[in-house]
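Chains as they are written, first to last, in my numbering: chain Y, 1075 to 1255; chain H, 6 to 255.
In structure tokens:
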């Protein structure tokens, strides 16, 4: 664990500095976690709701956090689970099929005020939304967050070999999508 | 080789097309979002904790509300109860002054009396311990003597008023009043009625002697009756058990 994370955890466990330490943790990891969540749920308001729930869960669980693992992998794990739970709830509410859900996320991307169909980076986002959830997660964590497979393995509770295979499949599918659109 | 170089090399091997793309983030966030987020999260955590702890209260009450609440309730109870009190209303008509006097209990019971006393058990014990008390002979004799004297007085009085006056009444019963009146002339009747001593008081009841007068008369009458007569009367009219020995005169 990074020394500054250790210090933040120590301060969090002191009553006098608890809130101050937690604010520092939010400031340190909010952007990384936000983008991770945002790429999964697409919409900013949804990402904001999910991210706030993530930090509430972090607040409740941080007291019992074991320091034998990295703080940020634990935070990513919570953010990933919250994002997947949110998408699951969306599916149940809309009672639509998986394919409809994917097109729903694509529509959200197209509804973004900054969306530009001619720009490749927007096409890439549309391509990512065509992937199954697990591949989407793996691709996002590896391509955008540039996490090592070891940490990804802890976050997603999957073997490094399986993650490499998922990433390979995801990259190939995206390439194919971009070449065809 | 650092992590970034590893990722690029990996992507070059999988898809040279993807490796040439710059990992640009097309999404935007509202201005100042990340500045405001920590405070928003902390506020939400505080609310969450308050709800979980059950201490959140979205409503507010006026200052000092709870300090005066008990007194307000009691005064309201008193003002609503007094008019309903039937006894007070009745007393207001009969004696309004009494309504102004406090009905506060002036007596006191021993501390813990009502809480400690087991009235049910006490009643049970009382029943078990009840004793039958026999009257002593002397006391019984005095009661019998007093009863006999009173009975004697009453019986003698009745005897005298019935037997003695009986002869007088019998004499009047034998008189033929209409025949006797026919013998009297009208002048004699007028003269009789004109006499104030013979005036008739209408609606006036018979003169009834007072209790003391009656007692005096009975005493005087008893003195006229011999002991033998009294003894005879008691034998004829009294219960054998109540007979007491005749009093010997000196």
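Beta carbons are placed, not taken as given, at the ideal position from N, Cα and C, and that holds for glycine.
Classify residue i as helix, strand or coil using the three-state DSSP reduction.
| i | result |
| --- | --- |
| residue 231 of chain H | coil |
| residue 1225 of chain Y | helix |
| residue 1076 of chain Y | coil |
| residue 224 of chain H | helix |
| residue 85 of chain H | Below a pLDDT of 50, predicted positions are generally treated as unreliable, and residue 85 of chain H, at 49, falls in that range; the measurement from the model is reported next regardless. Residue 85 of chain H falls in the helix class under three-state DSSP. |
| residue 28 of chain H | coil |
| residue 33 of chain H | coil |
| residue 183 of chain H | helix |
| residue 1180 of chain Y | helix |
| residue 1189 of chain Y | coil |
| residue 1205 of chain Y | coil |
| residue 1231 of chain Y | coil |
| residue 1220 of chain Y | coil |
| residue 20 of chain H | coil |
| residue 116 of chain H | coil |
| residue 190 of chain H | coil |
| residue 1167 of chain Y | helix |
| residue 69 of chain H | coil |
| residue 1255 of chain Y | coil |
| residue 1087 of chain Y | coil |
| residue 242 of chain H | helix |
| residue 7 of chain H | coil |
Just the C-alpha distance for residue i and residue j, rounded to the nearest angstrom, thanks.
| i | j | result |
| --- | --- | --- |
| residue 1210 of chain Y | residue 1242 of chain Y | 11 Å |
| residue 1208 of chain Y | residue 56 of chain H | 35 Å |
| residue 1225 of chain Y | residue 17 of chain H | 22 Å |
| residue 1212 of chain Y | residue 1129 of chain Y | 22 Å |
| residue 35 of chain H | residue 1186 of chain Y | 12 Å |
| residue 1118 of chain Y | residue 1112 of chain Y | 7 Å |
| residue 53 of chain H | residue 1110 of chain Y | 24 Å |
| residue 9 of chain H | residue 1182 of chain Y | 30 Å |
| residue 1095 of chain Y | residue 1246 of chain Y | 42 Å |
| residue 146 of chain H | residue 222 of chain H | 28 Å |
| residue 182 of chain H | residue 191 of chain H | 15 Å |
| residue 33 of chain H | residue 1147 of chain Y | 24 Å |
| residue 195 of chain H | residue 230 of chain H | 43 Å |
| residue 1138 of chain Y | residue 49 of chain H | 21 Å |
| residue 1206 of chain Y | residue 1091 of chain Y | 42 Å |
| residue 1216 of chain Y | residue 1098 of chain Y | 26 Å |
| residue 41 of chain H | residue 1168 of chain Y | 31 Å |
| residue 1123 of chain Y | residue 1223 of chain Y | 28 Å |
| residue 242 of chain H | residue 155 of chain H | 14 Å |
| residue 1230 of chain Y | residue 1255 of chain Y | 31 Å |
| residue 1136 of chain Y | residue 1083 of chain Y | 8 Å |
| residue 1086 of chain Y | residue 1189 of chain Y | 41 Å |
| residue 28 of chain H | residue 68 of chain H | 60 Å |
| residue 1239 of chain Y | residue 1219 of chain Y | 18 Å |
| residue 47 of chain H | residue 1102 of chain Y | 14 Å |
| residue 161 of chain H | residue 237 of chain H | 11 Å |
| residue 14 of chain H | residue 1088 of chain Y | 45 Å |
| residue 165 of chain H | residue 228 of chain H | 12 Å |
| residue 148 of chain H | residue 218 of chain H | 26 Å |
| residue 1233 of chain Y | residue 1221 of chain Y | 14 Å |
| residue 1145 of chain Y | residue 22 of chain H | 34 Å |
| residue 234 of chain H | residue 157 of chain H | 11 Å |
| residue 224 of chain H | residue 159 of chain H | 11 Å |
Is there at least one Cβ from chain B nearer than 9 Å to residue i's Cβ?
| i | result |
| --- | --- |
| residue 1148 of chain Y | No chain B appears in the structure shown, which is made up of the protein chains Y and H. |
Taking C-beta pairs closer than 9 Å, name the residues in chain Y that residue i reaches, listed in chain order.
| i | result |
| --- | --- |
| residue 56 of chain H | Within chain Y, no residue comes near residue 56 of chain H; the closest Cβ sits about 11 Å away, beyond 9 Å. |
| residue 45 of chain H | 1122, 1126 |
| residue 116 of chain H | In chain order: nothing, as chain Y lies at least about 48 Å away. |
Taking Cβ-Cβ distances shorter than 8 Å, what residues in chain H pair up with residue i?
| i | result |
| --- | --- |
| residue 1246 of chain Y | 19, 20 |
| residue 1188 of chain Y | 31, 32, 33 |
| residue 1130 of chain Y | 46, 49, 50, 53 |
What does residue i touch in chain H if you count any residue whose Cβ is under 7 Å from its own?
| i | result |
| --- | --- |
| residue 1105 of chain Y | 39 |
| residue 1242 of chain Y | 19 |
| residue 1275 of chain Y | The requested residue 1275 of chain Y is not part of the displayed model; chain Y covers only 1075 to 1255. |
| residue 1222 of chain Y | 8 |
| residue 1265 of chain Y | Not covered by the structure: residue 1265 of chain Y. The range shown for chain Y is 1075 to 1255. |
| residue 1064 of chain Y | The requested residue 1064 of chain Y does not occur in the structure, where chain Y is confined to residues 1075 to 1255. |
| residue 1101 of chain Y | 43 |
Quick one: which chain Y residues come within Cβ less than 8 Å of residue i?
| i | result |
| --- | --- |
| residue 29 of chain H | 1195 |
Report the neighbours of residue i on chain H: residues whose CB is nearer than 9 Å to its CB, in chain order.
| i | result |
| --- | --- |
| residue 1118 of chain Y | 32, 33, 34, 35, 38 |
| residue 1167 of chain Y | Residues of chain H passing the Cβ test: none, with the nearest at roughly 22 Å. |
| residue 1144 of chain Y | Under the 9 Å cutoff, chain H gives no residues; its nearest Cβ is about 14 Å from residue 1144 of chain Y. |
Q. Which ranges does the alpha helix (DSSP H) cover as unbroken runs of at least 4 residues, wholly within the segment 1089–1155 of chain Y, from first to last along the chain?
A. Restricting attention to alpha helix (DSSP H) runs no shorter than 4 residues, the segment 1089–1155 of chain Y encloses them at 1092–1115, 1118–1135, ordered along the chain.
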